[in-house]
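**Student:** Encoded as structure tokens, here's the structure I'll be asking about.
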Amino acid sequence: MRKGGILEDSSGFVVESEKFFLFPTFEHQETKHLKPQFHKHLEDALASKPKDGFNNITSFAHVLYEKDIDSEDKINALSPFHILSDSYVKERIDWLPEKSMKALFLRTYKVPEFEIPIKSEYHGCKSWIELNEK
Numbered sequence: 003m004r005k006g007g008i009l010e011d012s013s014g015f016v017v018e019s020e021k022f023f024l025f026p027t028f029e030h031q032e033t034k035h036l037k038p039q040f041h042k043h044l045e046d047a048l049a050s051k052p053k054d055g056f057n058n059i060t061s062f063a064h065v066l067y068e069k070d071i072d073s074e075d076k077i078n079a080l081s082p083f084h085i086l087s088d089s090y091v092k093e094r095i096d097w098l099p100e101k102s103m104k105a106l107f108l109r110t111y112k113v114p115e116f117e118i119p120i121k122s123e124y125h126g127c128k129s130w131i132e133l134n135e136k
């Protein structure tokens, strides 16, 4: 589920590509935002964080279905399909309530890990970045 980052325009989150690499970030990642059974996964990810100035790409995703969801009841019904805590979902619903939440159903793939340098334009609260690595 995604509503959009603070650096995105007023239209909110838009799917810019149906196929993309997942670019792990470590901003705003807190166990309180996750259901308890997923806390260990975050702790493991933070413990194996890449060296400064670089990021490791290990996953690729394909959007199977996307849907704008305006009803809090419908958002809550999706709870079995994501790792976010109920309190964090509520926080996201309440942030800019005029914007709907977007639910994406993804098929994800593990890919051979590769390292890329983190450029200044990759920083900030945004949903999409263009990777120009070869």
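In this text, residue positions in the sequence shown follow our numbering: the first is 3, and each later residue adds one.
Built from N, CA and C at the ideal position, the CB exists for glycine as well.
Note that this is a predicted model, so its numbers are computed, not measured.
1. For Asp70, which beta-bridge partners are listed by DSSP?
2. Tell me the residue span of the beta strand (DSSP E) that contains Lys21.
3. Quick check on the burial criterion: 16 or more other C-beta atoms within 10 angstroms. Buried or exposed for Gly55?
4. Is it true that the region 109-118 meets the region 36-48, where meeting means three or more beta-carbon pairs spaced less than 8 Å apart?
5. Which of the three DSSP states, helix, strand or coil, is assigned to Ile95?
6. What does DSSP give as the partner residue(s) for Ser61 in the beta ladder?
7. Pull up the distance between the alpha-carbon of Gly6 and that of Ala47, whole angstroms please.
**Tutor:** In this structure, then:
1. For the purposes of this step, residue 70 is taken as the residue at position 68 of the sequence shown. DSSP lists Lys104 as partners of Asp70.
2. As a first step, residue 21 is located in the sequence shown; it is residue number 19 there, counting from the start. Unbroken beta strand (DSSP E) run through Lys21: Lys21 to Phe23.
3. Numbered from 1 along the sequence shown, position 53 holds the residue referred to as residue 55. Exposed is the call here.
4. no
5. Here residue 95 is taken as the residue at index 93 of the sequence shown, counted from 1. Of the three classes helix, strand and coil, the one that applies to Ile95 here is helix, per DSSP.
6. Sequence index remark: in the sequence shown, residue 61 carries index 59 (1-based). The partner list for Ser61 (beta bridge, DSSP) reads Lys112.
7. Within the sequence shown, numbered from 1, the residue matching residue 6 stands at position 4. Within the sequence shown, numbered from 1, the residue matching residue 47 stands at position 45. Spanning the two alpha carbons is a distance of roughly 23 Å.
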